[in-house]
Structures are given as C-alpha cells and as structure tokens.
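For the record, the sequence lines run as chains E and R.
Residue numbers for the first sequence, in our numbering: 1 to 163.
Residue numbers for the second sequence, in our numbering: 1 to 163.
Let me begin by presenting the structure, written as structure tokens, before commenting on it.
Number of protein chains: 2
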Amino acid sequence: MPVKKKKGPPYPVETVGLDVLEDTLSFYIRSINIALSRDLDDRLEGLDVARGTGKITTLLLVDSHPGIRPSVIAQLIMRDRSAMGRLVDQMIDHDLITRRNAPDDGRAQELHITEKGADLARKVRKIATKQSSDFFAGVPEKDQKRLLDILRRVYRRTAGLDQ
Amino acid sequence: MPVKKKKGPPYPVETVGLDVLEDTLSFYIRSINIALSRDLDDRLEGLDVARGTGKITTLLLVDSHPGIRPSVIAQLIMRDRSAMGRLVDQMIDHDLITRRNAPDDGRAQELHITEKGADLARKVRKIATKQSSDFFAGVPEKDQKRLLDILRRVYRRTAGLDQ
DNA sequence: TACTTTTAGTGGACAAACGCAACTATTCTG
DNA sequence: CAGAATAGTTGCGTTTGTCCACTAAAAGTA
Numbered sequence: 001m002p003v004k005k006k007k008g009p010p011y012p013v014e015t016v017g018l019d020v021l022e023d024t025l026s027f028y029i030r031s032i033n034i035a036l037s038r039d040l041d042d043r044l045e046g047l048d049v050a051r052g053t054g055k056i057t058t059l060l061l062v063d064s065h066p067g068i069r070p071s072v073i074a075q076l077i078m079r080d081r082s083a084m085g086r087l088v089d090q091m092i093d094h095d096l097i098t099r100r101n102a103p104d105d106g107r108a109q110e111l112h113i114t115e116k117g118a119d120l121a122r123k124v125r126k127i128a129t130k131q132s133s134d135f136f137a138g139v140p141e142k143d144q145k146r147l148l149d150i151l152r153r154v155y156r157r158t159a160g161l162d163q
Numbered sequence: 001m002p003v004k005k006k007k008g009p010p011y012p013v014e015t016v017g018l019d020v021l022e023d024t025l026s027f028y029i030r031s032i033n034i035a036l037s038r039d040l041d042d043r044l045e046g047l048d049v050a051r052g053t054g055k056i057t058t059l060l061l062v063d064s065h066p067g068i069r070p071s072v073i074a075q076l077i078m079r080d081r082s083a084m085g086r087l088v089d090q091m092i093d094h095d096l097i098t099r100r101n102a103p104d105d106g107r108a109q110e111l112h113i114t115e116k117g118a119d120l121a122r123k124v125r126k127i128a129t130k131q132s133s134d135f136f137a138g139v140p141e142k143d144q145k146r147l148l149d150i151l152r153r154v155y156r157r158t159a160g161l162d163q
C-alpha cells in the first residue's frame, strides 16, 4: 500500500532546476546583488548612507581622492550625470561631503570629505569588508582571490577602464 | 624646464583606485549587475520581455516546470509575492504564460507556458548563454566554471535553498 | 579671433519597480 | 473546531533612475 502522498507544490523550491540560468552569469549576479544590497542596508542601519546605491562608493572615493569630480565617480558607478548630481546633493545635505568649483576649470567641481564623512567612511570600510568575507564564508581563500580577480577584470572591461 | 602640464581632472577615471571596494564583493556585483542588465535589455530589444527583472527567470522556469507556482518563483528571484503577482499579470497580458487554479490546493495557482512563451523561451536561452560567454571573453574556461560554482554556492545559501 | 564641438553640471518630467501592510480565502495543526 | 500558517491580491507610498533640454565653460579648428 502506497505511502500517503503529501500535498505541497509540484516543484518544491529546493529542487527546482534553474534551466540554462544555472550556468549563466546574469542570474546569479542579479540575485546575489539583491541579497547583498539588502544585507548591506541592514548593516548600515541608521548610518546616513542607507540605500547604498552609489552612496558608499561615492563616500569612499571622495575620502580617498580629495577633489575628485562628480563626473568621474558617475562613470565608475555607471550612472548618468544628473543622477550623480542628485546623489551629491543628498550627501551634502547629510553633511558628508562638500562641493566647490574647480579652480582650474570653470565647468567642473571638486568634492571633499567632511569630518563626519570621514568618520562614516571608516565605519563603512569595516562594514563592507566584513560583509564580503561573511558572504564568502566557506569559500577557500584562494578561490575568493580568484573570484575577485575575475570580477575585477570583467568590471574594468565593461566600465571601459581598460585599453 | 618642465613639460607643459595638461589640464584634465585631478583623478582620471582609468587610474582611480577603488579603496577597499577594490577587494569587495558588493561593489563588483553591483556594477556588473548594472552593466549586465543594460546589455541584456539591448539584446532583448523588442522581445516582449525587456527590463529583464525577473521576467526571464519566470519565463524559463514556467517553460521547464509546467505548473510551477508563483510563490516558488518569487522565492527564487527574491521578490515578495505581490511583486511576483504583478509580474505574472504582465506576462499574461503579453500572452507568454497562463494562470489557473491549482486543482488540489484552493489557495495556489499553476503557471503554464503558451506557444508564444515557449518560442520566446527558446530565443532567450540562446541570448542568455551567449551573453554569459561574451562577458567571460578572455577568462579561461576553467575559471569560468570555478566562478559559477562559487556564485552558485553563495546564491543557494543566501536564497535559503541549502540545508 | 571667431566658429563649432565637446564636456560638466542642473533641473524637470516621467515612468517603472519594489516593499509594506492590510485583507480574503484556503489549508494545516492539534 | 479554533487558531496559525500559506497563497494570492490590492492599494499606497517611496525610491530610483532615464530622458531631454538648457547653461556655461573649455577645447579644437581654421
């Protein structure tokens, strides 16, 4: 006599094959991106820099490259200049960076970090590296390096930074 | 006598160091995700499935798992049920899938592919795999596999599919 | 010098997407 | 049967980002 069949969905989540996506960059990148963003938002709770869509990169770049220009950052984070402008506005409101006109180029601006921004940058650095290693838990050191190398190469190429 | 200094920005894009982000998963994932999404949108031009935010995964999953439930897909693409519902609505409008009530569970639904959906799925499979290999251009076969393995592991863990 | 083109930044309008919370209906647990 | 959990729907609000037009300045050209 057959065991009573349990109801449940025809394809339980754990066992669903992902079709070709199983071997595809885009799917994992997209999904992991979602997970990573949410996780990061949690970790940044209340830190003036939540919703880390570019704010974090901007903060760290301004901190480590005093006088860097908005348009340069825009290119690195792959946003257009208007989006970047708004991002800068926000961060100025939060007193994290300052904006001044470039002395040698009337079109351009220079961004500088504030006290508060620098403090935050220190915290964010810790958080970002911690998150990275948490997500890599269980992945051998050597593979981590290898993975980052590959991602770096792909990134530089697609951002148009190479050649 | 010094060479005439060229003007240009203080930190040209190509040379800007990314601070700790240089060694951080989140930055690359986020950026590559942007690049990948835009590129994919281009390749899907006019294909009824543009803005591939989950549509692609849904399409392929429904195609390869007839009767799969919305909530299962939602979990795989990390969205909440309401977002998933709207996604399904759209795809039904585009005549890519159909929705019917599950015979054995009054709460649930079953999704099925349409003719048109199946056609599209075939095309999308080609496009997705092509894109993946394009982005991997220059990365040795072996490293590609390795990378996908790691991403898969990270994904499965963060999606709560393992253990 | 006068022109044209390119680059940097701003502002507005618009749209798409997502999450949350509340609600219904069904099923499961005990 | 009562209460908890699950599937799906709907409305609401927010965020985010893209497109486009516009100004100002600099670079290229002749």
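Heads up, the beta-carbon is just placed ideally off N, CA and C, and yes, glycines get one too.
- In this structure the region 20-27 of chain E lies against the region 117-134 of chain R, because at least three pairs of beta carbons, one per stretch, are closer than 8 angstroms.
- Around the CB of residue 121 (chain E), 16 or more other CB atoms lie within 10 Å, so the residue is classed as buried.
- The criterion of a C-beta distance shorter than 9 angstroms is not satisfied by residue 143 (chain R) and residue 158 (chain E).
- Rounded to the nearest angstrom, the Cβ distance from residue 147 (chain E) to residue 150 (chain R) is 5 angstroms, consistent with a contact under 8 angstroms.
- Among the residues facing chain R, residue 33 (chain E) is included, as its CB has a counterpart in that chain under 9 angstroms away.
- For the pair residue 14 (chain E) and residue 73 (chain R), the Cα-to-Cα distance works out to about 11 angstroms.
- The Cβ-Cβ distance between residue 128 (chain R) and residue 27 (chain E) falls below 9 angstroms.
- Residue 36 (chain E) has its alpha-carbon roughly 11 angstroms from the corresponding atom of residue 78 (chain R).
- Its Cα nearest to that of residue 9 (chain E), the residue R:105 stands out among R:33, R:154, R:105, R:160.
- The contact set of residue 112 (chain E) on chain R, defined by CB atoms closer than 9 angstroms, is empty, because the minimum CB distance reaches about 11 angstroms.
- For residue 96 (chain E), no beta strand (DSSP E) segment is defined, and its DSSP state is neither H nor E.
- Contact between the region 51-71 of chain R and the region 99-114 of chain R is present, with at least three C-beta pairs closer than 8 angstroms.
- For residue 14 (chain R), no pairing in a beta bridge is given by DSSP.
- DSSP places residue 92 (chain E) in the helix class (H, G or I) of the three-state scheme.
- The alpha-carbon separation between residue 29 (chain E) and residue 145 (chain R) amounts to approximately 15 angstroms.
- A residue is called buried once 16 or more other Cβ atoms fall within 10 Å of its Cβ, and residue 125 (chain R) is buried on that count.
- Secondary structure at residue 56 (chain R): helix, using DSSP grouped into helix, strand and coil.
- The Cβ of residue 88 (chain R) sits no closer than 9 angstroms to any Cβ of chain E.
- Of all residues in the region 62-74 of chain E, the ones placed with a Cβ closer than 7 angstroms to any Cβ belonging to chain R are 64, 65, 67, 68, 69, 72, in chain order.
- Between residue 16 (chain E) and residue 112 (chain R), the C-beta gap is not smaller than 9 angstroms, which leaves the two residues out of contact.
- The C-alpha of residue 117 (chain E) is placed about 42 angstroms away from the C-alpha of residue 58 (chain R).
- Boundaries of the beta strand (DSSP E) harbouring residue 111 (chain E): 109-113, taken from the DSSP string.
- Cα atoms of residue 88 (chain E) and residue 76 (chain E): separation of roughly 15 angstroms, rounded to the nearest angstrom.
- Residue 14 (chain R) has a beta carbon lying within less than 9 angstroms of a beta carbon in chain E.
- Cβ-Cβ distances below 8 angstroms link residue 85 (chain E) to 70 in the same chain, with the five nearest sequence neighbours on each side left out; the list follows chain order.
- Across the structure, residue 48 (chain E) and residue 56 (chain R) are spaced so that their CA atoms are roughly 35 angstroms apart.
- Cα atoms of residue 154 (chain E) and residue 34 (chain R): separation of roughly 12 angstroms, rounded to the nearest angstrom.
- As summarised for the region 120-145 of chain E, there are no continuous beta strand (DSSP E) elements at least 3 residues long confined to that stretch.
- In the DSSP assignment, residue 70 (chain R) falls within the unbroken alpha helix (DSSP H) covering 70-76.
- The beta carbon of residue 84 (chain R) sits no closer than 9 angstroms to any beta carbon of chain E.
- Contacts between residue 119 (chain R) and chain E, judged by CB atoms closer than 8 angstroms, are missing: the closest CB pair is about 15 angstroms apart.
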